Amino acid sequence: MNEIKKKIIHNVFIVESKEGTKILTKSLYPPHYGERKWNEYREWIPSRSKLASMLLDYTLDIQRNWKCLYLGAASGTTVSHLADIVDKGIIYAVEYSAKPFKKLIELAEERKNIIPLLKDASKPEEYSGIVEPVDFIYQDVSQKNQVEIFLKNIDFFLKKGGDALIMVKARSIDSTIDPEEVYESVLREIGENLKIVKFGKLKHHKDHIFIHCVL
Ligand SMILES: C[S@@+](CC[C@H](N)C(=O)[O-])C[C@H]1O[C@@H](n2cnc3c(N)ncnc32)[C@H](O)[C@@H]1O
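FYI, this note's numbering numbers position 175 of the sequence shown as 175, with every residue one higher than the one before it.
What follows is the structure, given as structure tokens:
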């Protein structure tokens, strides 16, 4: 690709191309989920990754040496891009479903900064002997009690002053009420425990918001 790339954070670039706006990560590794790769740039597909969708509209200054705890890693689509960013850091990637976990293991074998954990994120005490205090917690578990899971892990692992990002899926929390009502109650609960820096809708994911908070 010959288009001009604008760097937004370490190893993350926004490109205006004939196909529209694209987000890419600079990567030493091969594609992981069918995304395209041009030279060392890997396409980060926003409809497949809520973090990519968020970063197209809002910057979070993820540092390359951050220690991260990722809850709801699935097969590693977003983990693979986060691993490109934190190339001098580490990602503890928690997933409780064995099927996607197999592919997550393949990713971790290829890269040295991913530690896959086949664990239930609602039971942080079961991995507190492995995970160290972290700079960043990312959560994407689409569960009714996702806020409780998020806060519990923050309590266990987030360093004071650390960043946390939750992807809230309204329909998973309560499909019987208006998503806006769900967001309001989630924001209230999180605001009682953490400082909310920013929140907003995810353009590529219906009925989802991100909430960026700091401890
Ligand atoms: C929406 S998918 C995650 C997609 C992934 N974050 C990505 O962007 O590549 C949600 C994942 O969370 C996992 N999950 C849900 N509840 C969990 C829990 N309590 N502990 C660990 N994983 C959980 C599911 O098995 C599923 O793989």
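Ideal placement from N, C-alpha and C gives every residue a C-beta, glycine not left out. Since the structure is predicted, the reported quantities are computational estimates derived from the model, not experimental observations.
Taking only runs of the alpha helix (DSSP H) that begin and end inside the stretch 161-211, which ones reach a length of at least 4 residues, in chain order? 170-173 and 179-191
Give the single residue among L117, L24 and S53 whose Cα lies nearest to the Cα of C68. L117
Return the CA-CA distance between I209 and A52, expressed in angstroms with no decimal places. 13 Å
Taking the CB atoms as reference points, tell me whether H204 and L165 lie closer together than 8 Å. no
At a threshold of 7 Å, does G34 count as lining ligand 1 (C-beta to nearest heavy atom)? Every heavy atom of ligand 1 is 7 Å or more from the Cβ of G34, so no.
If you draw a straight line from the C-alpha of G72 to the C-alpha of Y138, how long is it? 9 Å
R171 to H81, Cα distance in whole Å? 26 Å
Measuring alpha carbon to alpha carbon, tell me which of K112, A121 and R111 ends up nearest S218. Beyond the ends of the chain as shown, which are 1 and 215, falls residue 218; an answer cannot be given.
Using a threshold of 7 Å, is the CB atom of S172 nearer than that to any non-hydrogen atom of ligand 1? No, the beta carbon of S172 sits no closer than 7 Å to any heavy atom of ligand 1.
What are the boundary residues of the alpha helix (DSSP H) that includes P124? P124 -> no alpha helix (DSSP H), and no H or E assigned at all.
Using only the alpha-carbon positions, how far apart do E180 and N193 sit? Straight through space, the alpha carbons of N193 and E180 are spaced by roughly 20 Å.
Would you say the beta carbon of I149 comes nearer than 7 Å to a heavy atom of ligand 1? yes
Whose CA, out of L187, A108 and L24, lies closest to the CA of K37? L24
Nearest to N145 by CA position, among D178, E132, I173 and V12, is which residue? I173
For Q139, the residue or residues it bridges with in DSSP: In DSSP, Q139 forms a bridge with L71 and I166.
Under a Cβ-count criterion, where at least 16 other Cβ atoms within 10 Å of its own Cβ denotes burial, should L151 be classed as buried or exposed? buried
Rounded to whole angstroms, what is the Cα-Cα separation between F136 and G162? Distance between the alpha carbons of F136 and G162: 6 Å.
Ligand 1 heavy atom lying under 7 Å from the CB of T176: Because no heavy atom of ligand 1 lies under 7 Å away, the Cβ of T176 does not count as near it: no.
Residue of N113, D84, D87 and K99 minimising C-alpha distance to A93: N113
Return the CA-CA distance between H10 and L28, expressed in angstroms with no decimal places. 14 Å
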